[in-house]
C-alpha cells in the first residue's frame, strides 16, 4: 500500500473501509447515523493534501444505509510513527506492511499546522478534476504565524471537530457533509467583511471543495476565538432565577402596599 500514491480504488484501502475505518467512524462522537443500520462504506473521493514534507488525505466517505439513504462524511487521514501519536483516540489501525499507524489526521499537529498555513496563504489546491479553495478573512490576513504554532482539539463537539490555534482562532471542521455552501459561512463572512456588525466572532477563513459544473461542498470554517463564559443553557437558568427573584420582590412590595387585601380576599372566599 503506497501512501504517496494512494487512490480510492486501492484494494488495501477498500479492505480498511469495511474493517478498521468503519469501526472507527461508528464509534466516533461526530458520527450521526447511530440510529440507523449501515450497509456499506465507500471511498467517494480521496483528496491529497501536501505541506512539502508530509502527505495527508481528505477521505470523503459515502455510507449507504439499509433504509436506502446515503450520507457523506469527512475523515482526514495521516500516516505517523507510533512515537508521534498524540492521542490513542485518533488511531484507526496499523498501516499495512509498515510499522506506522493510520490515524484521523486531526490528531496530528502537522496536519493541523498545514491546514492553517494553507488558509493563511489563501492557497487554492488543485486536484484531479477539482479544487480545494481556501478563502481568507481580514482577521487572518493580519495574523503572523509563530515559528512553533500551538494547536489543540476542542473535545466537546458532537457533530463536528473544532481545532483551536494559538488561542486566537477556532476552526470548525465539518464531519457530515452537505451539498452547496454552508449558510453559516456565508452569514459570518458577510457580517464580518461587509457590515459593521460586531456581535459575532470575526470570520477568519473557509475551506470549500469545488468541482466544475456541480455543487460545491463546505469542509470547514475558521473564526476568531471568543473566550467561553459558560453555555446558553446555564445562562438561561441564571436568567430564570433572576426573573423569579424579581417576581418575588414585586409581589412582596405589592402586598406591603395593600396589607389588608389578602385578608379581604380570604374573608370573601367561601369555606
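Numbering (our numbering), first residue to last: 3 to 273.
Don't be surprised by glycine CBs; every beta carbon is placed ideally from N, CA and C.
About 12 angstroms separates the beta carbons of residue 62 and residue 72, which is beyond the 8 angstroms limit, so they are not a contact pair. With contacts defined as CB atoms closer than 9 angstroms, residue 112 and residue 207 fail to qualify as a contacting pair. In summary, residue 225 is buried, with 16 or more beta-carbon neighbours lying within 10 Å of its beta-carbon over all protein chains present. In this structure, the beta-carbon distance from residue 221 to residue 156 does not fall below 9 angstroms.
In the DSSP assignment, residue 24 falls within the unbroken alpha helix (DSSP H) covering 24 to 29.
Buried is the label assigned to residue 184, since at least 16 other Cβ atoms lie within 10 Å of its Cβ.
Taking residue 82 as the centre and dropping the five residues before and after it, the same chain places the C-beta of 102, 103, 105 and 110 closer than 7 angstroms to its C-beta, in chain order. In the three-state reduction of the DSSP assignment, residue 226 falls in the strand class, which pools E and B. In this structure, the alpha-carbon of residue 214 lies about 18 angstroms from that of residue 137. Among the bridge pairs identified by DSSP, residue 212 is matched with 133. Within the DSSP bridge table, the entry for residue 33 names no partner. Rounded to whole angstroms, the gap between the alpha carbons of residue 212 and residue 16 is 25 angstroms.
For residue 18, the enclosing alpha helix (DSSP H) stretches over residues 13 to 18.
Under the three-state reduction of DSSP output, residue 202 falls in the coil class, being neither helix nor strand. Rounded to whole angstroms, residue 246 and residue 234 show a C-alpha spacing of 18 angstroms.
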